[in-house]
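Written below as C-alpha cells is the structure these notes are about.
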Amino acid sequence: MLHKVTLENILFLDIETVPEFPDYNELSDDKKELWAHKTQYQRKDEHTPEEFYERAGIWAEFGIIVCISVGYFTFKGNNRTFRVTSIHGEEKEILKEFKILLETHYESPYKLLCGHNAKEFDFPYIARRMIIHGISLPSKLNLFGKKPWEIPHLDTMELWKFGDYKHYTSLKLLTNILNIPSPKDDIDGSMVCHVFYKENDIDKIVTYCEKDVIAVAQVFLRLRGNEILDDSEIMHV
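Here is the structure:
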C-alpha cells in the first residue's frame, strides 16, 4: 500500500517543545496544583512536582512549541530532492504560519502528513496548542467525525508496529537497525529545554529538529523499499 502513496504528496514533520515557563515558580498556584495532579502517576513518589517540571514540554497543557520543521520531496525527471525548512519564533506565529502552509499546499484529500509517533504526539500537540491560542484547526488536523481511513496521517512508528500496539520503537533505534546514517547530534530531546531557556540557541534546536525530519523521511523510504536519500539530495531552504 505504501507504494501507492506519491512521495510528493507527503509533508514530513517534527516539532520541538519546552515547558511554557523556564521555571516552575512562574506557574500560578492553580497551575501548580493542576501540574501536580496531571503528573502524579508519572512522578509517583520519586519526584516533587517542581523537580518534574523540566519535563512539562511533553504535555500541550503545560508546554509550548518552539520549532516545527517540515520536509517534502520534489522530482525533476529521475532526480529527487528532499527540501527541509523550519518555522520558529513566537508560538502563536509558528502555528499561524504552519496553518497557512497546510491550507495553501496540503489541503487536498490526497495530501498527507507524516511523522514518527506523530499520531500520539506531534499532531494532537499542534492541534491542542492551536485551540489554546484561538486558532481554528486546518482540515488536516481536525479529525472530528472522520472515519479511520479518512484521517490523512502517516506514522512511521505505527507502520513499524505491524499491528503490535504494545510496541514502542524510538526514531533513533529505527534508523540504527535500518542502517540509516545518523550524524552525531549535539543535543537530544531531553536537552531542548536547557538549550532554549539557558543557552538561548534556537539554531541548535532547529538543526536537531530538521535532522529528525530527514530521519523520518529516510525510514519511510526504507519501509517502501526505496533507496534512502544521499546527502546531495537534501536541501535546507
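The sequence shown begins at -16 in our numbering and counts up by one. Glycine residues also receive a C-beta, built at the ideal position from the N, C-alpha and C atoms. The model shown is predicted, which means the values in this text are computed figures rather than measured ones.
{"Asked": "Since I170 is in the alpha helix (DSSP H), which residue starts that stretch and which ends it?", "Found": "Unbroken run through I170: none, as it is neither H nor E."}
{"Asked": "So, is V189 buried or exposed, given that buried needs 16 or more other C-beta atoms within 10 angstroms?", "Found": "buried"}
{"Asked": "With DSSP collapsed to three states, give me the class of F(-5).", "Found": "strand"}
{"Asked": "Answer yes or no: do C192 and D12 have a C-beta to C-beta separation smaller than 7 Å?", "Found": "no"}
{"Asked": "Grab me the residues of A198's own chain with a C-beta within less than 6 Å of its C-beta, minus the 5 sequence neighbours each way, in chain order.", "Found": "L154 and T158"}
{"Asked": "Do you know how far the Cα of E16 is from the Cα of R26?", "Found": "14 Å"}
{"Asked": "Taking the alpha-carbon positions, what's the K(-13) to A200 distance?", "Found": "16 Å"}
{"Asked": "Which stretch, first to last residue, makes up the alpha helix (DSSP H) that contains F81?", "Found": "E74 to H88"}
{"Asked": "Based on Cα-Cα distance, which residue from A110, W132, F127 and E33 lies nearest to I48?", "Found": "A110"}
{"Asked": "So, helix, strand or coil for N61, using DSSP?", "Found": "coil"}
{"Asked": "For D6, report the span of its beta strand (DSSP E) as first-last.", "Found": "D6 -> no beta strand (DSSP E), and no H or E assigned at all."}
{"Asked": "Taking the C-alpha atoms as reference points, what is the distance between R205 and L156?", "Found": "14 Å"}
{"Asked": "Specify whether the stretch -11 to 9 and the stretch 48 to 64 touch according to this definition: at least 3 beta carbon pairs, one from each stretch, less than 8 Å apart.", "Found": "yes"}
{"Asked": "As a quick exercise: from H177, V202, T139 and L137, pick the residue whose alpha carbon is nearest that of N162.", "Found": "V202"}
{"Asked": "By the three-class DSSP mapping on this structure, what secondary structure does L(-10) have?", "Found": "helix"}
{"Asked": "From the DSSP output, which residues share a beta bridge with M218?", "Found": "R66"}
{"Asked": "Grab the span of the alpha helix (DSSP H) containing H136 for me, first residue to last.", "Found": "Taken as a continuous stretch (DSSP letters only), H136 belongs to no alpha helix (DSSP H), being part of the beta strand (DSSP E) at H136 to D138."}
{"Asked": "Would you tell me roughly how many angstroms separate the C-alpha atoms of H116 and K79, rounded to the nearest one?", "Found": "10 Å"}
{"Asked": "Roughly how many angstroms separate the alpha carbons of D195 and Y148, rounded to a whole number?", "Found": "23 Å"}
{"Asked": "Does the distance from the C-beta atom of F45 to that of E3 stay below 7 Å?", "Found": "yes"}
{"Asked": "Give the single residue among G172, H219, K187 and V220 whose Cα lies nearest to the Cα of A39.", "Found": "G172"}
{"Asked": "What residues in its chain sit with their C-beta under 6 Å from that of L85, if we drop five residues either side in the sequence?", "Found": "P121 and K123"}
{"Asked": "Which of the three DSSP states, helix, strand or coil, is assigned to L17?", "Found": "helix"}
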